[in-house]
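Some notes on the structure that comes next.
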Ligand SMILES: [Zn+2]
């Protein structure tokens with residue numbers, strides 16, 4: 006799968022890891038209303054193409070897999086939101102994440118990376134969808150159960166509403182773009 010520049014532009018804000026990037030395919034539009042950016046399997050393929058950094062296995066997914074992908078996203082978003090709000094995640098979401106991860110355990114392989122031997126964690130059972138879902142579910146599990154969970158936030162910018170992990174303790178927005186937009190909006194309001 007090649008990463009077209011158009012796709013990269015369309016998904017330019019992504020780049021935080023597979024689970025966060027999948028969760029952030031639901032975001033606020035110009036009117037500040039949440040919108041689903043994965044309307045079709047082809048939208049999903051566009052997203053998948055820019056996720057090579059996190060999902061190097063090019064799983065051969067098919068349109069029949071789309072409902073399961075959305076089910077995984079729903080569990081991730083539910084658990085992330087609970088974490089942001091300081092609530093205990095719903096048992097349904099937790100069970101779904103664990104079940105997706107259990108579909109295909111990771112195995113460790115000795116591989117040559119940039120000329121040096123490395124232990125690489127691979128998930129490829131020969132069942133592309135299970136492998137994909139397990140890979141992304143485990144990313145969500147590590148985030149929710151690890152030290153990064155403390156820094157999980159929902160961006161309060163009116164046209165964003167996306168999840169992110171704090172890079173520094175006083176960070177208020179997911180990105181400089183959101184921070185600047187909010188400042189500009191405040192400035193215009195004052196005028
Ligand atoms: Zn934002």
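Residue numbers (this note's numbering): 6 to 196. Note that the Cβ used here is the ideal one computed from N, Cα and C, for glycine as well.
Beta carbon proximity, residue i to chain C, threshold 8 Å
i	result
residue 175	As a matter of chain content, chain C is missing from the structure shown, which is built from one protein chain.
Per-residue burial, residue i [other beta carbons within 10 Å of its own, 16 or more giving buried]
i	result
residue 189	exposed
residue 200	Residue 200 lies beyond the residue range present for the chain, which begins at 6 and ends at 196; the question has no answer from this structure.
residue 115	exposed
residue 67	exposed
residue 181	exposed
residue 140	buried
residue 197	Because the chain in this structure spans residues 6 to 196, residue 197 falls outside the shown range and cannot be described.
Beta-carbon proximity of residue i to residue j, cut-off 8 Å
i	j	result
residue 64	residue 161	no
residue 184	residue 177	yes
residue 44	residue 138	no
residue 123	residue 111	no
Reduced DSSP category for residue i - H, G, I as helix; E, B as strand; rest coil
i	result
residue 122	strand
residue 157	strand
residue 176	coil
residue 142	helix
residue 32	strand
residue 60	coil
residue 98	helix
residue 135	helix
Beta-carbon proximity list for residue i, same chain, < 6 Å, skipping 5 on both sides
i	result
residue 102	80, 142, 145 and 146
Proximal residues to residue i (C-beta, below 7 Å), its chain only, five neighbours per side dropped
i	result
residue 191	none
residue 55	8, 12, 13, 16 and 19
residue 179	160, 165, 167 and 169
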